[in-house]
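Residue numbers (the numbering used here), protein chains in the order written: chain A, 126 to 243; chain B, 15 to 127. Heads up, the beta-carbon is just placed ideally off N, CA and C, and yes, glycines get one too. Being a predicted model, the structure only gives us computed values, none of them experimental.
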Amino acid sequence: AQKITQTQPGMFVQEKEAVTLDCTYDTSDQSYGLFWYKQPSSGEMIFLIYQGSYDEQNATEGRYSLNFQKARKSANLVISASQLGDSAMYFCAMREAFLGGGYNKLIFGAGTRLAVHP
Amino acid sequence: DSGVTQTPKHLITATGQRVTLRCSPRSGDLSVYWYQQSLDQGLQFLIQYYNGEERAKGNILERFSAQQFPDLHSELNLSSLELGDSALYFCASSPPGGTGELFFGEGSRLTVL
Numbered sequence: 126a127q128k129i130t131q132t133q134p135g136m137f138v139q140e141k142e143a144v145t146l147d148c149t150y151d152t153s154d155q156s157y158g159l160f161w162y163k164q165p166s167s168g169e170m171i172f173l174i175y176q177g178s179y180d181e182q183n184a185t186e187g188r189y190s191l192n193f194q195k196a197r198k199s200a201n202l203v204i205s206a207s208q209l210g211d212s213a214m215y216f217c218a219m220r221e222a223f224l225g226g227g228y229n230k231l232i233f234g235a236g237t238r239l240a241v242h243p
Numbered sequence: 015d016s017g018v019t020q021t022p023k024h025l026i027t028a029t030g031q032r033v034t035l036r037c038s039p040r041s042g043d044l045s046v047y048w049y050q051q052s053l054d055q056g057l058q059f060l061i062q063y064y065n066g067e068e069r070a071k072g073n074i075l076e077r078f079s080a081q082q083f084p085d086l087h088s089e090l091n092l093s094s095l096e097l098g099d100s101a102l103y104f105c106a107s108s109p110p111g112g113t114g115e116l117f118f119g120e121g122s123r124l125t126v127l
């Protein structure tokens, strides 16, 4: 069964520094997708970045990059130049192969709470 | 704004009661997913619908049921409510094709007293 593990319940970083949030996954599928979402204190879920299992290059979206190491089954999120507004809960998620008739559900990790200090 | 609409945003009710949460997916999205997030927890998958049909079931209690209607909106019914059902309930939708990214509504916060 697929599983997502986020081992860091909480992290803190100084403003303008970079931070890495860890995520490991387990799946027997060859085709899968990895996602990171941000959940600020207001509660909404904000999509940050996506990496497909066949993508050879690490995904980047602005200050976010995904350090994808397929052999290690890890998909760490790197936030560069942290800002106070980055303080939030961050969730790693995975979907397995396309089911046919809609994509498979996402399975989420337990999350990492990031605090950015001035 | 993700384009997914959930109502109500907040709901307070008593144990033993029944509530209905409503979700309208983004225009063109056929898949609807329901998730439950208890306090300081991750998101637990409840159920998925695709174009009106149940596609996958997660850890959804027998007291809970859902459906997706012909206009693609979905409802999650929670009955015989218990204190432990207090949570943030998310609806999400995804478009055909693409990466499988889920677009989430703002959630319905249920408090059972």
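Cβ-based neighbour list, residue i, same chain, cut-off 7 Å, excluding 5 preceding and 5 following
{"i": "Y157(A)", "result": "S178, M219, R220, E221, A222"}
{"i": "G168(A)", "result": "none"}
{"i": "P165(A)", "result": "A213"}
{"i": "L209(A)", "result": "E140, V241, P243"}
{"i": "G121(B)", "result": "Q20, L102, Y103, F104"}
Contacts of residue i in chain A (Cβ-Cβ under 7 Å)
{"i": "Q115(B)", "result": "Position check: residue 115(B) holds Glu in this sequence, whereas Gln was assumed. Chain A residues near E115(B): F160, F172, Y175."}
{"i": "F118(B)", "result": "E169, M170"}
{"i": "Y47(B)", "result": "K230"}
Proximity to residue i [Cα-Cα], best of the options
{"i": "L146(A)", "options": "S166(A), P243(A), Q155(A), S207(A)", "result": "S207(A)"}
{"i": "Q55(B)", "options": "Q182(A), G135(A), Y150(A), A196(A)", "result": "G135(A)"}
{"i": "G66(B)", "options": "S100(B), F83(B), L116(B)", "result": "F83(B)"}
{"i": "V46(B)", "options": "T34(B), S52(B), R69(B), V126(B)", "result": "R69(B)"}
{"i": "G42(B)", "options": "S107(B), L57(B), S122(B)", "result": "S107(B)"}
{"i": "R36(B)", "options": "V18(B), Q58(B), G114(B)", "result": "V18(B)"}
{"i": "D211(A)", "options": "A200(A), F193(A), S199(A), A240(A)", "result": "A240(A)"}
{"i": "G98(B)", "options": "R40(B), V126(B), D15(B), G112(B)", "result": "V126(B)"}
{"i": "D180(A)", "options": "A200(A), G236(A), K163(A), I171(A)", "result": "A200(A)"}
{"i": "A186(A)", "options": "Y162(A), K198(A), R197(A)", "result": "Ala is not the amino acid found at residue 186(A); the sequence shown has Glu there. Here the closest residue by C-alpha is Y162(A)."}
{"i": "G30(B)", "options": "E96(B), S38(B), S52(B), N91(B)", "result": "E96(B)"}
Within chain B, partners of residue i - CB distance below 7 Å
{"i": "F233(A)", "result": "G56, L57"}
Within chain B, partners of residue i - CB distance below 8 Å
{"i": "F216(A)", "result": "G56, L57"}
{"i": "G210(A)", "result": "Within chain B, no residue comes near G210(A); the closest Cβ sits about 18 Å away, beyond 8 Å."}
{"i": "R251(A)", "result": "No information on residue 251(A) is available, as it lies outside the stretch 126 to 243 that chain A covers here."}
{"i": "R220(A)", "result": "G114"}
Close beta carbons around residue i, own chain, < 6 Å, minus the five adjacent residues each side
{"i": "I74(B)", "result": "L60, I61"}
{"i": "R77(B)", "result": "S93, S94"}
{"i": "F129(A)", "result": "Before going further, note that residue 129(A) is Ile rather than Phe in the sequence given. Excluding sequence neighbours, I129(A) sits near Y150, C217, M219, I232, G234."}
{"i": "N229(A)", "result": "R220, E221"}
{"i": "R238(A)", "result": "G135, M214"}
{"i": "Q50(B)", "result": "Q58, L60, A101, Y103"}
Interface partners of residue i on chain A, CB under 8 Å
{"i": "L53(B)", "result": "Simply none; closest approach about 12 Å."}
{"i": "L102(B)", "result": "G168"}
Amino acids of chain A, ordered along the chain, whose beta-carbon sits closer than 9 Å to that of residue i
{"i": "G121(B)", "result": "G168, E169, M170"}
{"i": "Q50(B)", "result": "Here the premise fails: no neighbours, minimum Cβ distance about 11 Å."}
Cβ neighbours of residue i in the same chain (closer than 8 Å, five flanking residues each side left out)
{"i": "S190(A)", "result": "I174, N183, A184, L202, V203, S205"}
{"i": "K195(A)", "result": "S178"}
Requested in this report: Taking a Cβ distance cut-off of 9 Å, strictly less, list which residues of the region 74–97 of chain B are near chain A, in chain order.
Outcome: For chain A, none of the residues of the region 74–97 of chain B brings a beta carbon within less than 9 Å of one of its beta carbons.
Query raised in the report: Going along the chain, which unbroken runs of the beta strand (DSSP E) with 3 or more residues stay wholly within the region 145–217 of chain A?
Result: Fully contained in the region 145–217 of chain A are the following beta strand (DSSP E) runs of length 3 or more, in chain order: 149–151, 158–164, 171–177, 189–194, 199–204.
Query - Contacting positions in the region 16–27 of chain B - beta carbon closer than 7 Å to chain A - result: Hits within the stretch: zero.
Report task. Note down, in chain order, all residues in the region 130–142 of chain A with a beta-carbon under 9 Å from any beta-carbon belonging to chain B. Result -> Listed in sequence order: Q131.
Requested in this report: For the region 78–125 of chain B, list the beta strand (DSSP E) runs that are entirely contained and at least 3 residues long, ordered along the chain.
Outcome: Complete beta strand (DSSP E) runs here, min 3: 78–82, 88–92, 101–108.
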